[in-house]
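Notes to accompany the following structure.
Residue numbers (this note's numbering), protein chains in the order written: chain A, 9 to 111; chain B, 245 to 806.
Written out as structure tokens, the structure reads:
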């Protein structure tokens, strides 16, 4: 924690989506749907956030037989504050603004 | 989320299969992320979404592979060796990326046109070449055969002629000469240029008769035909140095030989077709620059010229005849005979021959002029005697200027070639050793890390040292090899581009001689001596090391408590 990184617009969108349901576990597909970010961009972002300890992950038990377990994500407690700060700073700089339906 | 009814469409199934393949080959470090991405594919709402998700996954897979590859490259060779007793300190110091960059730099240097020519030339100099048996190496023979096959298909007469003069296969040479002359009658001079070899028996008489008909004013076909009668006839006569009257008479009694030599001496032109052969060689080499200089110049080394011994001898026969006429009082015949010899020598010296032919022509002319000077002074014709003596002086001066190393510039160039030849061969050998060492070191570290981990410290350290320094040595050796080859490359380029072939030919032969001299020396009669000397020195050094080590240990061994 505490590592400051240069956040891209896509990363800010992911952080925003995760903050939208703070504390709740979310699936990768639903994050992709809510942010409009394709899987090839989303997963490297999630991987990076996890490496920075901003993201908590866990494997969900398979609900249907024959289906693989799904991965779940949520922002860690302290990361939520950092994320809010980053989003606010980005909005002030007019670097990024949330999508209309999210706003 | 419900699954789409289209989830089983061919496109969607193909996309799932592709993502499944990617997950199976996903790099270990990021595999959980690949599995996480793949697990979501069942949630996609349409075939389009499935394909989109799968494509994104494949992009992520490619990124992961690249990232993992870069991480692997940043580690030193044998990066999985960390379990050894000395830990990571026993790994090579340089990363795989650094080593790959150094090896790539060395490869690029050697892949330059100059580098490729250097490799071809030096490799050719390392191949065993049996000059005595006129036998080429198998690879040279294959190269020439490929050229001949291609030229046959393309009806390329000049390449066929080149191969005919360069191959050491006698039967093939005859076939190719006939084929080339049939395609281009202007190449009829090939009948003369194919040299005498112990295992080579072309239909010379028939060929030379055709050439005499095609080029009747040229002395060379007659002189070669005379050589064919008995090429070794003259040698025994020269063994005791001074010729006797009986020996002159013996040769003079051979009317056929005398007749042919007479026609040769009387012909208005002397052309042994060496210049045509040079031009042919240059044309083919320019067309196919990948040929090694050894192949290219082989034919020139064996270009047939009339027997110089026979020419000298016939000159002496004529002078002897003039002396006899002079003694018999037939002065005009004596003068005419000497004039004929002088004129032939001058034609030979000024004709389209090789340097040695010019020198012999000058020597023949000089003998006649010397005799003429004596002839005129005995007759009191001081003016003609002075002219003949002046011609002798001029010939001497010209001969001096043609001798190898007659001036300091030529001498220093010859010495420079010698030194550069040693450097090229030395750096070539160093490059080969460094290349093999680098390859062996890297392969051992990468392919058998477990064995290396359990190996003795000294072996492991040696391997790491080789993996660190052999690629750098290869790069330095390649650069030095290329630099030291540049003068030779310059000589080759000059030969290929210049029309002043005679001087360049000599320079090129000298250069190649110096380049080939070292392997010929090492692999020749001295090879056994060198190998045994090396083995003896190595064993002596080992013995000394063992002795000194034993003495040192005995002196420094801790004394046992009583």
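A virtual CB, placed ideally from N, CA and C, is assigned to each residue, including glycine.
Quick caveat, the model's predicted, so the values are computed rather than measured.
Using a CB distance below 8 Å, the part of the segment 278 to 290 of chain B facing chain A consists of 279, 280, 281, 282, 283, 284, 286, 287, 288, ordered along the chain. Neighbourhood of residue 44 of chain A in chain B, by CB distance below 7 Å: empty, with the nearest CB roughly 11 Å away. Beyond the five residues adjoining it in sequence on each side, residue 267 of chain B comes within less than 7 Å, by CB distance, of 278, 279, 282 in the same chain, given in chain order. Residue 50 of chain A places its beta carbon 9 Å or farther from that of residue 60 of chain A. According to the DSSP secondary-structure assignment, residue 521 of chain B is paired through a beta bridge with no residue. Ranked by Cα distance from residue 85 of chain A, the first of A:37, A:31, A:95 is A:31. With at least 16 other beta carbons inside 10 angstroms of its own, residue 736 of chain B counts as buried.
The C-beta distance from residue 463 of chain B to residue 392 of chain B rounds to 32 Å, too long to meet the 8 Å contact threshold. At a cut-off of 9 Å between beta carbons, residue 78 of chain A contacts chain B. The beta carbon of residue 712 of chain B lies closer than 7 Å to those of 336, 337, 338 in the same chain, with the five residues before and after it left out. The alpha-carbon separation between residue 347 of chain B and residue 715 of chain B amounts to approximately 6 Å.
A Cβ of chain B is located within less than 9 Å of the beta carbon of residue 49 of chain A. Spatial neighbours of residue 505 of chain B in its own chain (CB-CB distance under 6 Å, excluding positions within 5 residues in sequence) are listed in chain order as 470, 558. Chain-ordered, the chain A residues with CB closer than 8 Å to the CB of residue 274 of chain B read 55. Runs of the alpha helix (DSSP H) spanning 4 or more residues and lying entirely within the segment 17 to 52 of chain A occur at 17 to 28, 36 to 43, in chain order.
In the DSSP assignment, residue 277 of chain B falls within the unbroken alpha helix (DSSP H) covering 275 to 283. When DSSP states are grouped into helix, strand and coil, residue 320 of chain B belongs to the strand group. Interface flag for residue 297 of chain B against chain A is set, since a Cβ pair is found closer than 9 Å. Considering only B:675, B:676, B:678, B:707, the residue with the shortest C-alpha distance to residue 690 of chain B is B:707. In this structure, residue 366 of chain B keeps its C-beta atom at 9 Å or more from the C-beta atom of residue 680 of chain B. Residue-level contact check: residue 61 of chain A does not touch chain B, since none of the beta carbons of chain B fall below 9 Å from its beta carbon. Residue 642 of chain B and residue 582 of chain B have their C-alpha atoms some 21 Å from each other.
Taking C-beta separations shorter than 8 Å and ignoring five residues to either side along the sequence, the partners of residue 360 of chain B in its chain run 354, 534, following chain order.
Of A:76, A:78, A:70, A:26, the smallest CA-CA separation from residue 57 of chain A is found for A:26.
Rounded to whole angstroms, the separation of the alpha carbons of residue 536 of chain B and residue 742 of chain B is 19 Å. Where residue 79 of chain A is concerned, the enclosing beta strand (DSSP E) starts and stops at 79 to 83. Comparing C-alpha distances from residue 539 of chain B to each of B:696, B:599, B:530, B:385 shows the shortest one belongs to B:385. Listed in chain order, the beta strand (DSSP E) elements of length 3 or more contained wholly in the segment 544 to 608 of chain B amount to none. From the beta-carbon of residue 75 of chain A, the residues of chain B found nearer than 8 Å are 283, 286. Under the DSSP definition of a beta bridge, residue 339 of chain B partners with B:320. Here residue 21 of chain A has 43 as same chain residues with Cβ atoms under 6 Å from its own Cβ, once five neighbours each way along the sequence are excluded.
Considering only B:574, B:514, B:544, B:314, the residue with the shortest C-alpha distance to residue 604 of chain B is B:514.
Within chain B, the C-beta atoms nearer than 8 Å to that of residue 52 of chain A come from 304, 307, in chain order.
Contact check for residue 33 of chain A against residue 69 of chain A fails: the beta carbons are separated by 9 Å or more. In this structure, the beta-carbon distance from residue 528 of chain B to residue 563 of chain B does not fall below 9 Å.
Residue 409 of chain B is classed as buried because its beta carbon has at least 16 other beta carbons within 10 Å across all chains shown.
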